[in-house]
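Right, one structure below, let's go through it.
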Amino acid sequence: MKYFPLLSLFVLAACSTGKVQDSKPQNKSANVTKESFKKEKPLTNSEVRDYYPASKSQSPALQDETLDRYTVDELEKLAASDDPLMEISLRCSKKDFDQAFAVASKAFNRYQKIPAYWNLLGTCHLNQGSQRKALLFYNKALEVSPGYVPALNNIGVMYSRQGEDQKALVAFERANKQSPFSKTPRYNLARLYLSYGLTESALPLFQGMLNEASNDIDLINAVGNCYFMLSDYQKALSFYNRIPKDFMERAEFGLNYSLTLKKLGKAAEASKVYSSIVEPKSKDLRDYYAAIGSQLGVQ
404 MKYFPLLSLF VLAACSTGKV QDSKPQNKSA NVTKESFKKE KPLTNSEVRD
454 YYPASKSQSP ALQDETLDRY TVDELEKLAA SDDPLMEISL RCSKKDFDQA
504 FAVASKAFNR YQKIPAYWNL LGTCHLNQGS QRKALLFYNK ALEVSPGYVP
554 ALNNIGVMYS RQGEDQKALV AFERANKQSP FSKTPRYNLA RLYLSYGLTE
604 SALPLFQGML NEASNDIDLI NAVGNCYFML SDYQKALSFY NRIPKDFMER
654 AEFGLNYSLT LKKLGKAAEA SKVYSSIVEP KSKDLRDYYA AIGSQLGVQ
């Protein structure tokens with residue numbers, strides 16, 4: 404039985420497509436030369452950047468591996484990049500799939516030997532709801548570069564979205580074993596552990612990441628949740644108190660905080676925090692929201 408909803412998993416931002424053909428042929432014979440028939444030389448892995456530039460996000464731990472933690476303004480600035488992989492990522496994250504596909508098609512000759520390219524294609528298909536196509540592209544990334552961690556991580560995300568947590572666990576553990584310093588699979592693995600109450604497995608992963616990014620709000624909350632599940636409410640509170648108060652209006656931050664206050668005999672403060680929480684849209688979180696309200700005597 405799960406103890407907590409498995410909240411949104413952070414993936415290495417990626418996109419997908421095959422080649423896109425022009426719907427209307429154009430007569431360009433006047434401009435054709437021998438150069439027109441030369442294919443661009445494929446790039447090697449060492450020639451391609453596979454990380455994102457720094458962000459000013461309040462949750463910076465994964466910001467160089469995923470676009471999930473960038474603000475809208477930061478994404479718009481990144482859109483000016485002349486890196487096709489970055490542009491594919493951005494277009495896909497905005498669900499502008501047609502444009503992402505067009506960029507990917509133009510980049511095929513140069514990027515066909517780059518695992519990140521195929522990984523991006525896989526995630527774009529995943530975002531479109533086509534798990535079968537996504538898996539094909541992730542496996543292509545692994546064919547190009549066996550053990551490629553972002554593809555392994557994203558296979559885990561795909562299985563998690565399908566509710567196949569055992570398969571997701573295998574993928575995350577494999578990714579983490581392949582590259583123990585990659586943050587995204589560590590984070591996803593820890594979240595999966597925590598969702599099943601395996602707190603003693605989750606805590607060292609979260610704590611290790613927090614040591615690397617001491618101001619990351621999500622990691623502070625995750626470590627607090629671990630201590631909450633271990634019934635060390637005073638320790639949990641010490642972490643929750645490091646989170647800006649306006650975050651506590653969000654259910655994923657405020658619910659356990661309010662119940663921790665209740666456990667520590669601060670009933671009035673707990674009720675006040677709970678009353679400020681915006682009712683969540685997710686069914687799992689709505690159910691948890693109602694359960695906490697019942698325990699606090701608010702509902």
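First residue of the sequence shown: 404, per the numbering used here; consecutive thereafter.
Virtual Cβ for every residue (Gly too), placed ideally from N, Cα, C.
task = Can you tell me which of the three DSSP states residue 569 falls into?
result = In the three-state DSSP reduction, residue 569 falls in the helix class (H, G or I).
key: Where residue 673 falls: helix, strand or coil (DSSP)   = Secondary structure of residue 673 (DSSP, three-state): helix.
ask   = Expressed to the nearest angstrom, what Euclidean distance is found between the alpha-carbon atoms of residue 694 and residue 591?
value = When rounded, the distance between both Cα atoms is 26 Å.
request  = Output yes or no for whether 7 Å exceeds the beta carbon distance between residue 666 and residue 636.
outcome  = Yes, the pair counts as a contact, with Cβ atoms nearer than the cut-off.
ask   = Who are the Cβ neighbours of residue 698 in its own chain at under 8 Å, not counting the five residues just before and after it?
value = So the qualifying residues of the chain are 662, 665.
task = Just mark residue 553 as buried or exposed, buried being the case when its beta carbon has 16 or more other beta carbons within 10 Å.
result = Taking all protein chains in view, the Cβ of residue 553 is crowded by 16 or more other Cβ atoms within 10 Å, so the residue is classified as buried.
task = Let me know the secondary structure DSSP gives residue 621 once reduced to three states.
result = It is helical.
request  = Could you tell me how far apart the beta carbons of residue 521 and residue 547 are, in whole angstroms, since I believe they sit closer than 8 Å?
outcome  = Their Cβ separation, rounded to whole angstroms, is 6 Å, which keeps residue 521 and residue 547 in contact under 8 Å.
ask   = By how many angstroms is the C-alpha of residue 492 removed from the C-alpha of residue 410?
value = Its pLDDT being 32, under 50, residue 410 is placed unreliably in this model, and the coordinates cannot settle the point.
query = Which same chain residues, not among the five before or five after residue 642, have their C-beta less than 6 Å away from its C-beta?
reply = Setting aside the 5 residues that flank it on each side, residue 642 is surrounded in the same chain by 623, 626, 627, each with a C-beta closer than 6 Å to its C-beta; the list follows chain order.
query = Does the separation of the CB atoms of residue 488 and residue 519 fall below 7 Å?
reply = Less than 7 Å divides the Cβ of residue 488 from the Cβ of residue 519.
message = Could you give the first and the last residue of the continuous alpha helix (DSSP H) run that contains residue 543?
response = Start and end: 534-547.
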